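Chemist: Numbering (the numbering used here), first residue to last: 60 to 563. Got a structure for you, questions after.
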């Protein structure tokens, strides 16, 4: 018994000393930061689901704002939080070759859906990004536009039905279904029918991918994000086989159907099929293999990039318009004026001319960016300019976008919704790292044009006919879900609809 107690004491002591050494990493480099707690580092409240994932890092921006960077820990892993905008610019843009990796989850054991452009870095990423860039041009988006408008019309019809029955509308749910319908049709080439079938399999599996239903998969997902290297060593799966098999089979069967019947259409999936077919014609001579597995993985990337981003932006834009009726009226007047020039039709060119609505979306993304921070991992040792600090290869870097975008020294009265911050003149004066909802530098989101388009189209259709006002079920300020990585209303975004009788 005494021997067992002694050995156990030794084990705990060694673990304690190991943590002490790990948690002295930044002190040994002369970097100041908050005191870590064993075993959590600086994310104890995140693990206990008391705080959103990025919040501890974002909080340190304001606490240590006088410093160019802050040393923190994600469990035992050192994370450098960058406060200085010039240093952020170097990391994300100027010296990008030292920070090519995102540093977050890049795929669990046998995860077929993770090997996509989002998770790649180095030469393979550069070559595939070059191949995929034409997919997101304005010209390509214009060919897909009829699908976006049709889905926006369906969202508006859903709102009509809710209004006719005297019900308020949860815009969090509305935009979730709207964004998932776009992902289904444009990304996967299938109809989700989420506005008619409230529990379609595509919608349920898609939601489960982002928001796991069980505690096990919630913990696994957090573990993969927080400690991806250890996660890979343990050979754990991040995605349940049910979700993985559903989407892989769906893509496989859709591709086979199109090729069997020589059927094509203007959507994202077709561009992936074309890349695969072009690879086959080269008979392996290309240095960028693109197989059916790559089609499935990059189609899943379309969901990752396009679902929560536009769903977040759309619902919080509606919330702010309901809070600010004078801004809502100005948006409505712009919509009506532009559509009048186009004979009442909301063409691709017409929505492009809705400049003030774009400003409203940009102000929403300032306050509620879908990704509240940008992560990078150092891929090549980097001496920090004008400093004695050397960032070692493998070190995680964190740029707290939301904190920067809510800094009163950058955006005065940041809690106020002021779209005029984003006039052409004001944007020209901004530092490139003042506003980064799409990221910044070579890894900036390829689909930002589509992001604007799909976030605005449902609003364009709805605001022509209805005035949005707050329902009593929606709190002010809105309560955020602590367990969500992206900004998510804890109790929905419930809005009342009042039909505008004199709407033209």
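The beta carbon of each residue, even a glycine, is placed where N, CA and C say it ideally should be. Just so we're clear, the structure is a prediction, and the values are computed from it rather than from any experiment.
So, helix, strand or coil for residue 202, using DSSP?
Modeler: On the chain shown, residue 202 is found 143 positions in, with the first residue counted as 1. In the structure shown, residue 202 sits in a helix (DSSP, three-state: H, G or I).
Chemist: If you scan the region 96-179 from start to end, which runs of the alpha helix (DSSP H) of 4 or more residues do you find wholly inside it?
Modeler: 103-106, 114-122 and 144-148
Chemist: Classify residue 528 as helix, strand or coil using the three-state DSSP reduction.
Modeler: Looking up residue 528 in the chain shown gives position 469. Residue 528: strand per DSSP, three-state reduction.
Chemist: Among 501, 267, 406 and 74, whose alpha-carbon lies nearest the alpha-carbon of residue 202?
Modeler: Within the chain shown, residue 202 is the residue found at index 143, counting from 1. That would be 406, whose Cα lies nearest to the Cα of residue 202.
Chemist: Are the CB atoms of residue 506 and residue 207 nearer to each other than 8 Å?
Modeler: Walking along the chain shown from the start, residue 506 turns up at place 447. Walking along the chain shown from the start, residue 207 turns up at place 148. Not a contact, by the Cβ cut-off of 8 Å.
Chemist: Buried or exposed, going by whether 16 or more other CB atoms sit within 10 Å of the CB of residue 532?
Modeler: On the chain shown, position 473 is the one that residue 532 refers to. Result: exposed.
Chemist: Span of the alpha helix (DSSP H) holding residue 306?
Modeler: Taking the chain shown and counting its residues from 1, one reaches residue 306 at position 247. Unbroken alpha helix (DSSP H) run through residue 306: 300-319.
Chemist: What separation, rounded to the nearest whole angstrom, lies between the Cα atoms of residue 287 and residue 114?
Modeler: Here residue 287 refers to the residue found at position 228 when the chain shown is read from its first residue. Here residue 114 refers to the residue found at position 55 when the chain shown is read from its first residue. Using only the alpha carbons, I get a separation of about 20 Å.
Chemist: Return the Cβ separation of residue 520 and residue 214 in integer angstroms, given the expectation that the two are a contact with Cβ distance under 8 Å.
Modeler: Counting from 1 along the chain shown, the entry for residue 520 is found at position 461. Counting from 1 along the chain shown, the entry for residue 214 is found at position 155. With 8 Å as the limit, residue 520 and residue 214 qualify as a contact, their Cβ atoms being about 7 Å apart.
Chemist: When you compare the region 478-490 with the region 170-184, are there three or more beta-carbon pairs, one atom per stretch, that lie closer than 8 Å?
Modeler: The answer is no - the region 170-184 does not touch the region 478-490, with fewer than three Cβ pairs under 8 Å.
Chemist: Can you grab the Cα-Cα spacing for the pair residue 81 / residue 95, in whole Å?
Modeler: Along the chain shown, one-based indexing puts residue 81 at 22. Along the chain shown, one-based indexing puts residue 95 at 36. Computed Cα separation, rounded: 10 Å.
Chemist: Select from 140, 91, 86 and 79 the residue whose C-alpha is nearest the C-alpha of residue 459.
Modeler: Residue 459 sits at position 400 when you count from the first residue of the chain shown. Nearest option by C-alpha distance: 140.
Chemist: What three-state label does DSSP hand residue 344 in the structure shown?
Modeler: Taking the first residue of the chain shown as 1, we reach residue 344 at position 285. Reliability fails at residue 344, whose pLDDT of 47 lies under 50, so the model's placement of it is uncertain and no value is given.
Chemist: Looking at the strands, I want to know which residues DSSP matches up with residue 548.
Modeler: Taking the first residue of the chain shown as 1, we reach residue 548 at position 489. Paired residue(s): 539.
Chemist: Can you tell me where the beta strand (DSSP E) with residue 73 in it begins and where it stops?
Modeler: For this step, residue 73 is matched to residue 14 along the chain shown. It is not in any beta strand (DSSP E) - residue 73 instead sits in the alpha helix (DSSP H) that spans 61-81.
Chemist: Starting from residue 236, follow the alpha helix (DSSP H) in both directions and report where the run begins and ends.
Modeler: Start at 1 with the first residue of the chain shown, and residue 236 comes out as number 177. Run containing residue 236: 230-241, per the alpha helix (DSSP H) assignment.
Chemist: Out of 478, 153, 90 and 182, which has the shortest C-alpha to C-alpha gap to residue 389?
Modeler: As a position in the chain shown, residue 389 is number 330, starting the count at 1. Looking at the Cα atoms, 478 is the closest of the given residues.
Chemist: Does the structure place the region 424-431 close enough to the region 460-473 that three or more beta carbon pairs sit under 8 Å?
Modeler: yes
Chemist: Does residue 489 come out as helix, strand or coil in the three-state DSSP assignment?
Modeler: As a working mapping, residue 489 is identified with position 430 in the chain shown. DSSP places residue 489 in coil when its eight states are reduced to three.
Chemist: Would you mind stating whether residue 242 and residue 310 have Cβ atoms separated by less than 8 Å?
Modeler: What you label residue 242 is simply residue 183 of the chain shown in a count that begins at 1. What you label residue 310 is simply residue 251 of the chain shown in a count that begins at 1. Cβ atoms of residue 242 and residue 310: not closer than 8 Å.
Chemist: Exposed or buried, what is residue 77 when buried is set at 16 or more other beta-carbons lying within 10 Å of its beta-carbon?
Modeler: Against the chain shown, residue 77 aligns to sequence position 18. So residue 77 ends up on the exposed side.
Chemist: Which residue from 527, 541 and 66 puts its Cα closest to that of residue 230?
Modeler: For the purposes of this step, residue 230 is identified with residue 171 of the chain shown, where counting begins at 1. Of 527, 541 and 66, the residue nearest in Cα terms is 527.
Chemist: Please name the residue or residues paired with residue 441 in a DSSP beta bridge.
Modeler: Here residue 441 refers to the residue found at position 382 when the chain shown is read from its first residue. DSSP output for residue 441 lists 450 as bridge partner(s).
Chemist: May I have a chain-ordered list of the beta strand (DSSP E) segments no shorter than 3 residues that lie completely inside the region 325-408?
Modeler: none
Chemist: What residue range does the alpha helix (DSSP H) around residue 419 cover?
Modeler: Position 360 of the chain shown, counted from the start, is the residue given in the question as residue 419. Residue 419 -> alpha helix (DSSP H) spans 414-426.
Chemist: Would you check whether the ligand ZN has a heavy atom nearer than 7 Å to the C-beta of residue 63?
Modeler: In the structure shown, the ligand ZN is absent, as is every other ligand, since no ligand is present at all.
Chemist: According to the Cβ coordinates, are residue 232 and residue 551 closer than 8 Å?
Modeler: The sequence position of residue 232 within the chain shown is 173, counting from 1. The sequence position of residue 551 within the chain shown is 492, counting from 1. Yes.
Chemist: Helix, strand or coil: how does DSSP classify residue 495 here?
Modeler: Reading the chain shown from its first residue, position 436 is the one you call residue 495. Reduced to three states, the DSSP call for residue 495 is coil.
Chemist: So what's residue 555 in DSSP terms, helix, strand or just coil?
Modeler: Locating residue 555 in the chain shown gives position 496, counting from the first residue. Three-state result, residue 555: strand.
Chemist: Between the C-alpha atoms of residue 265 and residue 297, what's the straight-line distance to the nearest angstrom?
Modeler: By 1-based counting over the chain shown, the position of residue 265 is 206. By 1-based counting over the chain shown, the position of residue 297 is 238. Residue 265 and residue 297: Cα-Cα distance of roughly 15 Å.
Chemist: Determine, using beta-carbon pairs with one atom in the region 141-154 and one in the region 450-458, whether at least three such pairs fall under 8 Å.
Modeler: yes
Chemist: Measure how close the beta-carbons of residue 436 and residue 162 come, nearest whole angstrom, since I'm counting them as under 8 Å.
Modeler: Here residue 436 is taken as the residue at index 377 of the chain shown, counted from 1. Here residue 162 is taken as the residue at index 103 of the chain shown, counted from 1. With a Cβ gap of about 3 Å, residue 436 and residue 162 count as contacting.
Chemist: Could you name the residues of the same chain whose beta carbon sits closer than 8 Å to that of residue 109, not counting the 5 residues immediately before and after it, in chain order?
Modeler: Your numbering for residue 109 matches position 50 in the chain shown. Take residue 109, set aside five residues on each side of it, and the residues of its chain with a beta-carbon closer than 8 Å to its own are 541, in chain order.
Chemist: Beta-carbon within less than 8 Å of residue 344's beta-carbon, same chain only, minus the 5 sequence neighbours each way: which residues are those?
Modeler: What you label residue 344 is simply residue 285 of the chain shown in a count that begins at 1. Annotation note: pLDDT 47 at residue 344 (below 50); position unreliable, coordinate value reported separately. Answer for residue 344: no residue qualifies.
Chemist: Would you identify the three-state DSSP class for residue 431, choosing helix, strand or coil?
Modeler: Counted from its first residue, the chain shown places residue 431 at position 372. Reduced to three states, the DSSP call for residue 431 is coil.
Chemist: Taking contact to mean 3 or more Cβ pairs, one atom from each stretch, closer than 8 Å, check whether the region 384-404 and the region 441-451 are in contact.
Modeler: no
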